[in-house]
Amino acid sequence: MKDILVFKPLPSDQMARLHAAHHVVVADPKLAPDAFHAALATAHGLIGASYPITAELLAKAPRLEVVSSVSVGVDNYDLAELRRLGIMLCHTPGVLDETVADTVFGLLVATSRRFVELSNLVREGRWPRDFGEDLFGFDVHGKTLGLVGFGRIGQAIARRAALGFGMRVLYHARREVDLAAQAPELQGRASHVARGELLAAADFVVAMLPLTDATRGTMDANFFGAMKPGAVFINGGRGATVDENALLASLNSGRLRAAGLDVFAQEPLPWESALRTHPRVTPLPHIGSATHETRHAMAVLATTNLLQALAGERPAAVYGD
Ligand code: DGY
110 MKDILVFKPL
120 PSDQMARLHA
130 AHHVVVADPK
140 LAPDAFHAAL
150 ATAHGLIGAS
160 YPITAELLAK
170 APRLEVVSSV
180 SVGVDNYDLA
190 ELRRLGIMLC
200 HTPGVLDETV
210 ADTVFGLLVA
220 TSRRFVELSN
230 LVREGRWPRD
240 FGEDLFGFDV
250 HGKTLGLVGF
260 GRIGQAIARR
270 AALGFGMRVL
280 YHARREVDLA
290 AQAPELQGRA
300 SHVARGELLA
310 AADFVVAMLP
320 LTDATRGTMD
330 ANFFGAMKPG
340 AVFINGGRGA
350 TVDENALLAS
360 LNSGRLRAAG
370 LDVFAQEPLP
380 WESALRTHPR
390 VTPLPHIGSA
400 THETRHAMAV
410 LATTNLLQAL
420 AGERPAAVYG
430 D
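Printed below as a string of structure tokens:
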């Protein structure tokens, strides 16, 4: 029996799996920091999400063998320190792709058709008798989508765009994807292009980048300045890949028509952020994978990863495999 520290609540069926095999402590570092730090001292395994696991914290966990994140993104973890200490990091790829793609595509449609703003008119009793063109949106179907980042989730968004909405799909990624092998339904429907070509042509630019040293702040004034005038920007990856001041400047100058954002450099979004109230921004509280089905599937995979690692087996989803 080993010691497990659960640092973000898990569904009861997954807690039961952990309790059946190990000694389990639940301590949310945001709510119970003392209990969390005390449990770190003996923990062999950590499981949770949405909290930075820094080198300083890892130094307080001398027995730690594995960290199992209930997320696909791993930007909350000090990867170099985990590697140096020989601690395994697991995550939850695959099980959330379709749900995140639903969220991002929904945000794209909502932003272009102004769903939130217009729904608020109805709620506030301001449905104008004369619904004029000042309240019209722009079509999504038949337009050009530019995907910055073309992993599994990007490909799932591309399928919705190409097969459901008749959109032309361009993507930019470090390497061209072998569509015949990885996404045959997108063959002839999605093209790998240079970033500049994508930005100049896309009516909708959707960013799906992980946060790394190479992507931090890369969507900057040059990036937005290269976008087609009147285009819409959507971010479903990580907030800190965007220079938010540059995004605001592009919205305010009228270069960008609108932005739909599920992620922000700081979350929750600070009260004083101009992105919170900007009339042409549709903000969401990082809900990409937040459905009952998918969050449960993520918890199952993360629990399985942890139990496998503590049993000395190779887990299903080790980060970097
Ligand atoms: C992840 O798993 O990294 C997502 O951002 C959660 O929605």
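110 is the number of the first residue of the sequence shown in the working numbering; add one for each residue after it.
We put the beta carbon where it would ideally sit given N, CA and C, even for glycine.
What does a CB cutoff of less than 7 Å around residue i pick up in its chain, not counting 5 residues either side in sequence?
i	result
residue 163	187
residue 305	335
residue 428	183, 198, 199, 200
residue 172	151, 152, 153
residue 51	Nothing can be reported for residue 51: it is not among the residues displayed for the chain, which extend from 110 to 430.
Among the options, whose alpha-carbon lies nearest the alpha-carbon of residue i?
i	options	result
residue 289	264, 131, 308	264
residue 317	236, 411, 346	346
residue 392	399, 398, 400, 383	383
residue 344	217, 302, 430	217
residue 157	355, 195, 199, 297	199
residue 388	133, 225, 146	225
residue 330	359, 203, 430, 291	359
residue 246	262, 227, 236, 238	227
residue 409	180, 298, 314, 189	180
residue 215	371, 149, 407	371
residue 313	241, 386, 220, 237	220
residue 160	235, 178, 204	178
residue 129	110, 262, 394, 146	110
Going by other Cβ atoms of all chains shown within 10 Å of its Cβ, with 16 needed for buried, is residue i buried or exposed?
i	result
residue 352	buried
residue 207	buried
residue 121	exposed
residue 378	buried
residue 293	exposed
residue 143	exposed
residue 154	buried
residue 324	buried
residue 223	buried
residue 315	buried
residue 195	exposed
Along the chain, where does the alpha helix (DSSP H) containing residue i start, and where does it finish?
i	result
residue 197	No alpha helix (DSSP H) contains residue 197, which is instead part of the beta strand (DSSP E) from 197-199.
residue 279	Here residue 279 belongs to no alpha helix (DSSP H); instead the beta strand (DSSP E) covers 277-281.
residue 415	401-419
residue 305	304-310
Please return the same chain residues whose Cβ sits closer than 8 Å to the Cβ of residue i, not counting the five positions on each side in sequence.
i	result
residue 374	348, 349, 351, 353
residue 402	208
residue 333	342, 355, 356, 358, 359, 364, 365
residue 267	254, 256, 259, 278, 280, 292, 295, 298, 299
residue 270	214, 254, 276, 278
With a CB to CB cut of under 6 Å and the five nearest residues on each side skipped, what residues in its chain are close to residue i?
i	result
residue 326	352
residue 259	280, 282, 286
residue 148	114, 134, 136
Between which two residues does the beta strand (DSSP E) harbouring residue i extend?
i	result
residue 263	Note, residue 263: premise wrong, no beta strand (DSSP E); alpha helix (DSSP H) at 261-268.
residue 344	340-344
residue 313	313-316
residue 398	That residue, residue 398, is in no beta strand (DSSP E); it is neither H nor E in DSSP.
residue 253	253-257
residue 369	365-370
Exercise for review: Decide yes or no for the touch test of the stretch 411-430 against the stretch 365-374: beta carbon pairs closer than 8 Å, at least 3 of them.
Suggested key: no
Review point. Counting Cβ pairs, one atom from each stretch, are 3 or more of them under 8 Å apart for the stretch 245-255 and the stretch 274-281?
Key: yes
**Study point:** Three or more C-beta pairs below 8 Å linking the stretch 157-176 and the stretch 123-131
**Key:** no
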